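For reference, the structure is listed below as structure tokens.
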Amino acid sequence: MDVGARYAQALFDLALETGALDAVEADLRSLAQMRLESEDLRKLIASPTLTAEEKGAGIAALAARADFSSTSRKFLGLLAVNRRLGALPAIIAAFSGLAAKHRGLVAAQVTTAVAMSADQSAKLATALRGALGKDPQIEARVDPAILGGIRIRVGSRLYDASLKSKLDALKFALKRA
Numbered sequence: 076m077d078v079g080a081r082y083a084q085a086l087f088d089l090a091l092e093t094g095a096l097d098a099v100e101a102d103l104r105s106l107a108q109m110r111l112e113s114e115d116l117r118k119l120i121a122s123p124t125l126t127a128e129e130k131g132a133g134i135a136a137l138a139a140r141a142d143f144s145s146t147s148r149k150f151l152g153l154l155a156v157n158r159r160l161g162a163l164p165a166i167i168a169a170f171s172g173l174a175a176k177h178r179g180l181v182a183a184q185v186t187t188a189v190a191m192s193a194d195q196s197a198k199l200a201t202a203l204r205g206a207l208g209k210d211p212q213i214e215a216r217v218d219p220a221i222l223g224g225i226r227i228r229v230g231s232r233l234y235d236a237s238l239k240s241k242l243d244a245l246k247f248a249l250k251r252a
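So for the sequence shown, my numbering puts the first residue at 76; every next one is plus one.
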């Protein structure tokens, strides 16, 4: 079990014990979105020149401003003190998986070239429910690099119906001929 998974398991157990599972999950989802959108936050997390105290102060200020739960704030402080803020993406992913499993959901990362409409998302959720036998927790991503189509990752399985992969397969086949 890697560092991210161990920290995620500890946070999950604590959140479950204290009844703060929904709040912590929402906080981590917000933090993941902030990390994607903020270059400054990514630098704070990854900087080798900042001390643990400086990182802790920065992450504490962010958590306070975002009105995170006390469990999330304490956990982020612990990560800063232990110099494990760099493991945040792995921790968030592992925690999401644990929470989904606890709720009887299966996590599915769906990547499309353009954002899906609400109707498309609902139809996809219905199709995944039928195929997986469980309710999917869909994390939608947009990646114009796939050109068109869809990629769905469920656990370690990848279902790739993207235009980019089809063009790559065609290019490979033409090179072999």
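Every residue, glycine too, gets a C-beta built ideally from N, C-alpha and C.
All values derive from a computational prediction rather than experimental measurement.
Do you know whose CA, among I166, K246, L86, lies nearest T146's CA? L86
Boundaries (first-last residue) of the alpha helix (DSSP H) holding D88: 78-93
Taking just the CA atoms, how far does I225 sit from A95? Approximately 34 angstroms between the Cα atoms of the pair.
Here's the rule: buried if 16 or more other CB atoms are within 10 angstroms of the residue's CB, otherwise exposed. What is D194? exposed
Beta-carbon spacing of R104, I167 below 9 angstroms: Cβ distance < 9 angstroms, so R104 and I167 count as in contact.
At 4 residues or longer, what runs of the alpha helix (DSSP H) sit wholly inside the region 120-186? 127-140, 145-156, 163-177
Spatially closest choice to G131 from G172, I120, Q108, by CA coordinates: The option with the nearest alpha carbon to G131 is I120.
Roughly how far, in whole angstroms, is the beta-carbon of A183 from the beta-carbon of V229, given that I think they are within contact range, below 8 angstroms? The Cβ separation is near 5 angstroms, so the contact holds.
Distance, E214 Cα to L154 Cα: 25 angstroms
Cutoff 8 angstroms; reference R117; Cβ partners in own chain excluding five residues on either side: Cβ within range, chain order: R110.
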